[in-house]
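The structure under discussion appears below in the form of structure tokens.
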């Protein structure tokens, strides 16, 4: 079960990093909206850092905690059935 959660976290990291890098470059936040060449390498590194920290420090532990609650308590499976 942990292997599946780690694989899904890695897949989420790659997909979210790619989508945010391509469709929402960091340069668009700090410059005027003009057509210009964008260096995606710096954006890719920045987004990868932030998403990996978020997934490893928040997403994976919360997912493991919810799994433990639902496996131990019968009421827990009903409470977290929407996830």
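Residue numbers (the numbering used here): 1471 to 1553. The beta-carbon is built from N, C-alpha and C at its ideal position, and this holds for glycine as well.
(message) Between which residues of its own chain and residue 1528 is the CB-CB distance below 8 angstroms, once the five residues before and five after are set aside?
(response) none
(request) Can you tell me the Cβ-Cβ gap for residue 1481 and residue 1521, rounded? I've got them flagged as a contact below 8 angstroms. (result) Going by Cβ atoms, the distance from residue 1481 to residue 1521 rounds to 12 angstroms, so no, they are not a contact pair.
(request) Tell me whether residue 1495 sits in a helix, a strand or coil according to DSSP, three-state version. (result) coil
(message) Please state the DSSP three-state secondary structure of residue 1513.
(response) helix
(request) Return helix, strand or coil for residue 1543, following the three-state DSSP convention. (result) coil
(message) Considering Cα atoms alone, identify which of 1490, 1524, 1542, 1534 is closest to residue 1511.
(response) If we check each option's Cα against that of residue 1511, 1490 comes out closest.
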